[in-house]
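Peer 1: Each residue of the sequence shown is one higher than the one before, starting from 718 at the first, in this note's numbering. Structure in structure tokens, see below.
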Amino acid sequence: MRVNYKILLNFVIFLCIIFSDALAAKPLSNYGNIQTVQNYSSNPFWTPDAPYNQRMPTPVYATGTSIETAECQRITANLIAAQCMTRNNCISTRLSDIRPALMMQLTNMPGGNYGTACAGYLDSAFNDYVKKYGHAGTNVAGATFPAPTIPNPSANSPQPQVNTNNTFPQQKPDWMVEQEMRKQELQALKAASGTKPVGVDLDTEFPTTYADLSFEQRMQNAKEGYDPFKDNSAFKTITVESEEKYQARRKEYLALQKKQQQARDKQELSNKEYCKKYPQDESCKKQTHEELMQKIIEALRDAKK
């Protein structure tokens, strides 16, 4: 088999051109640019072939909408009319049923921010439409009403009686006859056994409820229920001491303090100092009496001499 080297060489050259074009940088490409910069502009919609003096995109919420009130009212009224035409004039339709469709139509309308600016006019426009067209007197397709007629003057006159009773006796089926026989048999057995038939006896008083009690009876019932918890409390109460108990307790405390101090002074002070501080002590009174008698005896002795 003879190989055509010329065709094979052309095919190899063609493949090299394709791969070189794919790997090489194209003219006016982004190759080599700083990719972290948004096209070297603060405007995200700027392109390398766009001028620098183009207007920045302005948010709607920053400057407000440029749609007039009359335009919103006209647009919402037309959209609600179009929706209600296919819903029997919205007689049994609420605004929440058609609000999603209305919002989609408002957001898809070109030339303005109708979805945000005109959404608040849907309620008033829907109420106006329902008041005007959504009542029972609307000409609804398929609804016909009869024309008024003059009352018949002979409507109240006596009419001839027609006998509609069957002249032939009606025969009951066998199952109905058997049912009546069984019913009579049960009643006879109950009468023989002395049991009353099941039912409400007119002579029996109807069962009473708590609502049938008088006000005094209900108060007495409530009192009996609250009496076990009369002296109880949900929290621990404080006990305030009376003035008399406080004064008595304070006197006892002061007397005990004085008694303890006197016992300490008796051990620490001399007999003379102790009696000078506590002359009402019995030991001090006895000692004072003995000293007085000793002085009298000495005075008598001096007098004899």
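In this text, a Cβ means the ideal position worked out from N, Cα and C, and glycines have one as well. Being a predicted model, the structure only gives us computed values, none of them experimental.
Look at the alpha carbon of Tyr995 and the alpha carbon of Lys968, and state the distance between them as a whole number of angstroms.
Peer 2: Using only the alpha carbons, I get a separation of about 19 Å.
Peer 1: In or out: Phe923 buried (at least 16 other Cβ within 10 Å) or exposed?
Peer 2: So Phe923 counts as exposed.
Peer 1: Between the region 931-944 and the region 952-968, do three or more beta carbon pairs fall short of 8 Å?
Peer 2: The region 931-944 vs the region 952-968: no contact.
Peer 1: Pick helix, strand or coil for Val1092, following the three-state DSSP scheme.
Peer 2: Since the first and last residues shown for the chain are 718 and 1022, residue 1092 lies out of range.
Peer 1: What residue does the alpha helix (DSSP H) around Ser910 start on, and which one ends it?
Peer 2: Looking at the DSSP string, the run of the alpha helix (DSSP H) that includes Ser910 is 891-910.
Peer 1: My understanding is that Ile784 touches Phe843, with C-beta atoms under 8 Å, so please give their C-beta distance in whole angstroms.
Peer 2: Rounded, the Cβ-Cβ distance is 19 Å, inconsistent with contact.
Peer 1: Quick one: grab the DSSP three-state call for Leu837.
Peer 2: The residue asked about is misnamed: residue 837 is Gly in this sequence, not Leu. In this structure, Gly837 counts as helix in the three-state DSSP scheme.
Peer 1: Mapping the DSSP letters down to three states, classify Pro827 as helix, strand or coil.
Peer 2: DSSP places Pro827 in coil when its eight states are reduced to three.
Peer 1: Going by DSSP in three states, Lys976 sits in which element: helix, strand or coil?
Peer 2: Lys976 falls in the helix class under three-state DSSP.
Peer 1: Consult DSSP for Ser813 and reduce its assignment to one of helix, strand or coil.
Peer 2: Here Ser813 sits in helix by DSSP.
Peer 1: How is the alpha helix (DSSP H) around Cys789 delimited, first residue to last?
Peer 2: Element bounds for Cys789: 786-802.
Peer 1: Considering Gln937, what are the terminal residues of the alpha helix (DSSP H) in which it resides?
Peer 2: It spans 932-943 - the alpha helix (DSSP H) in which Gln937 sits, taken as one unbroken run.
Peer 1: What's the call for Ile672, buried or exposed, on a 16-neighbour Cβ count within 10 Å?
Peer 2: An answer regarding residue 672 cannot be provided, because it is not within the stretch 718 to 1022 covered by the chain.
Peer 1: Roughly how many whole angstroms lie between the Cα atoms of Gln979 and Ala951?
Peer 2: Cα to Cα, Gln979 sits roughly 49 Å from Ala951.
Peer 1: Report, in whole angstroms, the separation of the C-beta atoms of Thr824 and Gly832, which I expect to be a contact under 8 Å.
Peer 2: Rounded, the Cβ-Cβ distance is 4 Å, consistent with contact.
Peer 1: What number of angstroms, rounded off, separates the C-alpha of Phe932 from the C-alpha of Arg966?
Peer 2: Taking the straight line from one Cα to the other gives about 51 Å.
Peer 1: From Tyr846 to Asn830, what distance separates their C-alpha atoms?
Peer 2: Taking the straight line joining both Cα atoms gives about 24 Å.
Peer 1: Go ahead and label Gln887 buried or exposed: buried means 16 or more other beta carbons lie within 10 angstroms of its beta carbon, across all protein chains shown.
Peer 2: Under this definition Gln887 is an exposed residue.
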